[in-house]
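**Student:**
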Amino acid sequence: MPKKHFEVAAAADITLIVQVKDNQPTLHQQIQDICATTVPLTSADSHDTGRNRDERRRVTVFDPAGRLADTDWQDHVAAIIQVERTVFTRNSKTGLLHHSAEIAFYISNAPLTATRAAETIRAHWKVETTSHYSRDVTMGEDTSRIRTNPGIIARLRSFAFNILMANRVGTLPQDRYRAALAGLDNLLNLLAVPQN
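Note that the sequence shown covers residues 0 to 195 in numbering that gives the first Met the number 0.
(1) Which runs of the alpha helix (DSSP H), 4 residues or longer, sit entirely within the stretch 90-133?
(2) Where do the ends of the alpha helix (DSSP H) carrying His199 lie?
(3) With DSSP collapsed to three states, give me the class of Thr41.
(4) How would you write the range of the beta strand (DSSP E) that Asp53 sits in, first residue to last?
(5) Among Thr170, Asp141, Gly169, whose alpha-carbon lies nearest the alpha-carbon of Arg156?
(6) Taking buried to mean at least 16 other C-beta atoms within 10 Å of its own C-beta, is Tyr105 buried or exposed?
(7) Answer yes if the stretch 85-100 comes into contact with the stretch 19-32, meaning at least three C-beta pairs across the two stretches below 8 Å, and no otherwise.
(8) Give the range of the alpha helix (DSSP H) segment to which Ile151 is assigned.
(9) Starting from the C-beta of Ile145, find all residues in its chain whose C-beta is less than 7 Å away, skip the five residues before and the five after it, and write them out in chain order.
(10) What are the start and end residues of the beta strand (DSSP E) that includes Gly16?
(11) So what's Val76 in DSSP terms, helix, strand or just coil?
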């Protein structure tokens, strides 16, 4: 995660939230220490159930307040966000629960509340699970063996994905199947492109 992203976001007056992972061990450790020894500004809890999952999240926001003064990050970090997730997933075959827990750390270039941070981070995961998973599984991007001009095919997949999502009737695989049966004329109708 380069600091240049934060500089560009500051110049464009954009709020940026970025996850700090183990690939930046020094910053990651400093953020962990700040969260362990500092009183939080705000926190928010949420609880989601569905699809054999029971997930509880606690999002806590901390003010770095000069604790990053000896680093290059001092000018870029206005808030530190800690997300604690506890998930119970039920195995549909055995009925047994699997427990997992994790703590993730994020930094932001602007001060924000825990509620706003939780909404933003959750919205990012919605993009991850909706767009990326659908492209990988339903559209078969990861299994594609196209090696000549793969960017063209990727753009066509994006084009098709966006059309299907904008005209959603059922699930993405069902809509894709219906679109394949209907042919090019149906696609042009969805786009409202006049046919000659």
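For glycine and all other residues, C-beta sits at the position ideal for the given N, C-alpha and C.
**Tutor:** If we stick to the structure as given:
(1) Given a length threshold of 4 residues, each whole run of the alpha helix (DSSP H) inside the stretch 90-133 is given here in chain order: 113-126.
(2) Examination of residue 199 is not possible in this model, given that the chain is present from 0 through 195 alone.
(3) As a working note, residue 41 is residue 42 in the sequence shown. Here Thr41 carries a strand assignment [DSSP, helix/strand/coil].
(4) Taking the sequence shown and counting its residues from 1, the one referred to as residue 53 is at position 54. Taken as a continuous stretch (DSSP letters only), the beta strand (DSSP E) holding Asp53 covers 52-61.
(5) Taking the first residue of the sequence shown as 1, we reach residue 156 at position 157. When C-alpha distances from Arg156 are compared across Thr170, Asp141, Gly169, the shortest belongs to Asp141.
(6) The sequence position of residue 105 within the sequence shown is 106, counting from 1. The Cβ neighbour count for Tyr105, taken over all protein chains shown within 10 Å, is at least 16; the residue is labelled buried.
(7) With a cut-off of 8 Å, the stretch 85-100 and the stretch 19-32 do not count as touching, because too few Cβ pairs lie within range.
(8) Here the question's residue 151 lines up with position 152 in the sequence shown. From DSSP, the alpha helix (DSSP H) with Ile151 extends over 149-165.
(9) Indexing the sequence shown from 1 puts residue 145 at position 146. Ile152.
(10) Reading the sequence shown from its first residue, position 17 is the one you call residue 16. Looking at the sequence shown, residue 16 is not Gly but Ile. According to the DSSP assignment, Ile16 belongs to the beta strand (DSSP E) that extends over 16-19.
(11) The count along the sequence shown starts at 1 and reaches residue 76 at position 77. Reduced to three states, the DSSP call for Val76 is coil.
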